[in-house]
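Visitor: This structure is in structure tokens; I'll ask about it shortly.
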Amino acid sequence: ENSLPFEAKPRLLLLGLRRSGKSSIERVVFHKMSPNETLYLESTSKISKNDVISFIDFQIWDFPGQIDFFDSSFDLEIILERCGSLVFVIDAQDDYLDALNRIVDTVVIASKFNIKLSYEVFIHKVDGLSDDLKIEIQRDIHQRITEELMHENLEDIHMSFYLTSIYDHSIYEAFSKVIQKLIPQLPTLENLLNILCSNSNIEKAFLFDVMSKIYIATDSSPVDIQTYELCSDMIDVVIDISCIYGPKQENEENGSENTSYGTDTYSVIHLANSMVLYLREVNEHLALVCFLREENFEKPGLLDYNFACFKKAIEEVFEVRRRLAQGLLPDSDDV
Ligand code: GDP
């Protein structure tokens, strides 16, 4: 099987003030909770560990509270060393000055432990705001953080900003971009997707983490949000159908309901506008979802064949990644 060892998974830490929306993001993205239900979420103060089977590994921390960044404990050092990105969640509907101070303080500490960290800011809960206000808030936050980092002589630190909400696909888009930065093989994956698209006349192809519907790579044609939404909705459809009609799988370990998404899951949906959605499982975490014209789907065998080649190549890419993580290969940037 293709399961990656802990060390090889993209790992991130979600940080923010209490009530900024961190648990809601986790529930909606990784546990399929509907956004409205998050209104009744209890605030949890324990460090929450990701307990879903996903390609992505993450933890959530509240600040202040769980961690005192000025007490540079051993744990913090280890966690930051292993981490790929720090994702800061800011509640855009609230006064955010305190949150910005926390972010800068955190970057000052974290950058001492791990110079390779990437820093991401989710300007969150923007669903209630007008487009003008969104842009204004993003500009203001960007400017304040940049100024503060300059004061700390950290002007080399690069931060990326995303406008997010759990009520639409923006949170998935943002996560996708964050995760993609943590995948060193991204150019290889994109290349493989490009080859697949051109050989099979596919309009758009995404490689999705099935549990979270975050895409970890796509071909290099521009992402059209509607196509993305269709492809990601298809994952829900396939999972729902296979939960009802697929083979039953018990998961005794954690008692969780199983998605029944398994080896060789495969599905085709013909849309009314003569487009076709094609989903195919790549490994236990990942699925390929393609969007193509019906007239280019007349020889599904060709697509099946090209998919088999694609799948084999992906396996090889992750095999290299696994070996690197286990120290079986010398570390190298160009693998
Ligand atoms: P945490 O303490 O950072 O984990 O925050 P919670 O996840 O408990 O969220 C606090 C509140 O924010 C909840 O009532 C959520 O329903 C709400 N919330 C979270 N995300 C969003 C969002 O994208 N838009 C809106 N309008 N509310 C959100």
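Residue numbers 4 to 338, in the UniProt record's numbering, belong to the letters of the sequence shown in order.
The beta-carbon is built from N, C-alpha and C at its ideal position, and this holds for glycine as well.
Is it the case that the CB of residue 230 approaches a heavy atom of ligand 1 more closely than 7 Å?
Guide: Checking the Cβ of residue 230 against ligand 1 gives no.
Visitor: May I have a chain-ordered list of the beta strand (DSSP E) segments no shorter than 3 residues that lie completely inside the segment 87 to 166?
Guide: Listed in chain order, the complete beta strand (DSSP E) runs (minimum 3 residues) inside the segment 87 to 166 are 88 to 94, 121 to 127.
Visitor: Exposed or buried, residue 322, counting other C-beta atoms within 10 Å across all chains shown (16 or more means buried)?
Guide: Exposed: under 16 other Cβ atoms inside 10 Å.
Visitor: Alpha carbon to alpha carbon, what distance is there between residue 115 and residue 106?
Guide: When rounded, the distance between both Cα atoms is 14 Å.
Visitor: Any idea if residue 247 is buried or exposed, counting beta-carbon neighbours within 10 angstroms, 16 or more meaning buried?
Guide: When all chains shown are included, residue 247 counts as exposed.
Visitor: Grouping DSSP H, G and I as helix and E and B as strand, with all else coil, what is residue 195?
Guide: Correct three-state label for residue 195: helix.
Visitor: Roughly how many whole angstroms lie between the Cα atoms of residue 290 and residue 153?
Guide: Spanning the two alpha carbons is a distance of roughly 42 Å.
Visitor: With a threshold of 8 Å on Cβ separation, who are the neighbours of residue 297 within its own chain once the five nearest residues in sequence on each side are excluded?
Guide: So the qualifying residues of the chain are 273, 277, 278, 279.
Visitor: State the DSSP-derived secondary structure class of residue 221, mapped to helix, strand or coil.
Guide: Three-state DSSP puts residue 221 in a strand.
Visitor: Between which two residues does the alpha helix (DSSP H) harbouring residue 33 extend?
Guide: First-last of the alpha helix (DSSP H) with residue 33: 25 to 34.
Visitor: Assign residue 12 to one of three DSSP states: helix, strand, or coil.
Guide: Three-state result, residue 12: coil.
Visitor: Across which residues does DSSP place residue 284 in a beta bridge pair?
Guide: Paired residue(s): 290.
Visitor: Can you tell me where the alpha helix (DSSP H) with residue 228 in it begins and where it stops?
Guide: Where residue 228 is concerned, the enclosing alpha helix (DSSP H) stretches over 228 to 248.
Visitor: With C-beta atoms as the reference, is residue 86 less than 8 Å away from residue 16?
Guide: Contact flag set, yes.
Visitor: Just to confirm the assignment, what range does the beta strand (DSSP E) spanning residue 211 have?
Guide: From DSSP, the beta strand (DSSP E) with residue 211 extends over 205 to 212.
Visitor: What's the C-alpha gap between residue 40 and residue 31?
Guide: When rounded, the distance between both Cα atoms is 9 Å.
Visitor: Expressed to the nearest angstrom, what Euclidean distance is found between the alpha-carbon atoms of residue 25 and residue 166?
Guide: When rounded, the distance between both Cα atoms is 14 Å.
Visitor: Is DSSP giving residue 1 helix, strand or coil here?
Guide: Nothing can be reported for residue 1: it is not among the residues displayed for the chain, which extend from 4 to 338.
Visitor: Bridge partners of residue 60, per DSSP?
Guide: Answer is 14.
Visitor: What does the Cβ neighbour count give for residue 127, buried or exposed, with the cut at 16 atoms within 10 Å?
Guide: The residue in question, residue 127, is buried, as its Cβ has 16 or more Cβ neighbours within 10 Å.
Visitor: Do you know offhand how far residue 181's Cα is from residue 13's?
Guide: Going from the Cα of residue 181 to the Cα of residue 13 covers about 10 Å.
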